[in-house]
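Colleague:
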Amino acid sequence: MNCRAHDLIWIERGHLRAPLPGTELPDWVVSGSGPVVVRRANADDGWIPVGIRGKTKAERQAALAPVNGIDKQVNPYSLADTKPWLDHAERDSHPVLMTLCRLATLLNGHLLRWGVTGSLGYEFATGEAQLHPESDLDLVIDAPNPISREQAATLIQMIGTTHCRVDIQLETPWGAIALAEWAGSPAQVLQKTNTGPRLTATPWADVRVSSDEGVKPC
């Protein structure tokens, strides 16, 4: 099973284990329900690094999930393919959904493979209400091949002013970078990899060649 960052997976909570030897997961994790999200980290073969969200913002926990225990998997791109925002009761009134409706048309028009992440992605996947008036819109663009800074800048310009804060990540084979940062002028941008963040001028370069990090593909 190929799991990537932002994928949601359903698994019996009792199958999860703490990321560090000799530690245990909190009771709210073990007794909880709902999907967990794949996060960026290295893990032993047969295990996937995940993050669990609780009922409050303070309840956030890292864990490891066994691959053979996964019951269901949903990725951000499949959520975009099904267009659940079109049937949402707040489609024409909530800033996040209004923004998504416009950006979906824009991204599809550029033939980009994109998906919905964050709290809205969780809501689409589970049917559990997550949006609130201050919610952000989190999107990811699958970018296996390089996107130039000029292309990124053009896309940012076309996105223009939005009804809410928008965070769009470009998912390269070696980690994610922010579209807005790549469209800007910094010589190096922050890239989120399996071993943590790094500054790079070549986010599509194989990090096993360009550095000593030994990062596996995300």
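In our numbering, the protein residues as written are 30 to 247. Beta carbons: idealized from backbone N, C-alpha and C, even for Gly.
What is the residue span of the alpha helix (DSSP H) that P124 lies within?
Modeller: 124-138 is the extent of the alpha helix (DSSP H) around P124.
Colleague: Which value, in whole angstroms, describes the spacing of the CA atoms of T146 and V96?
Modeller: Whole-angstrom Cα-Cα distance: 21 Å.
Colleague: Rounding to the nearest angstrom, what Cα-Cα distance links P173 and V66 in this structure?
Modeller: Straight-line Cα distance between these residues: approximately 21 Å.
Colleague: Between H123, L93, N71, L136, which has its C-alpha nearest W39's C-alpha?
Modeller: Closest by alpha carbon: L93.
Colleague: Just the Cα atoms here: how many angstroms apart are Y106 and R82?
Modeller: Taking the straight line from one Cα to the other gives about 21 Å.
Colleague: Run the CB neighbour count on T229, radius 10 Å, all protein chains shown included, and call it buried at 16 or more, exposed below.
Modeller: Its Cβ being crowded by 16 or more others within 10 Å, T229 is buried.
Colleague: Indicate whether T128 and T191 have their beta-carbon atoms separated by less than 7 Å.
Modeller: Yes.
Colleague: Using a Cβ-Cβ cutoff of less than 7 Å, which residues in the same chain neighbour T155 once the five nearest sequence positions on both sides are dropped?
Modeller: So the list reads G63, P64, once near-sequence residues are dropped.
Colleague: Does the beta-carbon distance from A91 to G80 come in below 7 Å?
Modeller: It is a contact, given that the beta carbons lie within the stated cut-off.
Colleague: Given a cut-off of 7 Å, decide if G138 and A109 are closer than it, judged by their beta-carbon atoms.
Modeller: No, Cβ-Cβ distance for A109 and G138 is not below 7 Å.
Colleague: So I206 and P226 are in contact, right, with Cβ under 8 Å, and what is the actual spacing, rounded?
Modeller: Not a contact, Cβ separation roughly 10 Å.
Colleague: Applying the 10 Å Cβ sphere with the 16-neighbour rule, what's the burial state of A216?
Modeller: Flag for A216 reads exposed.
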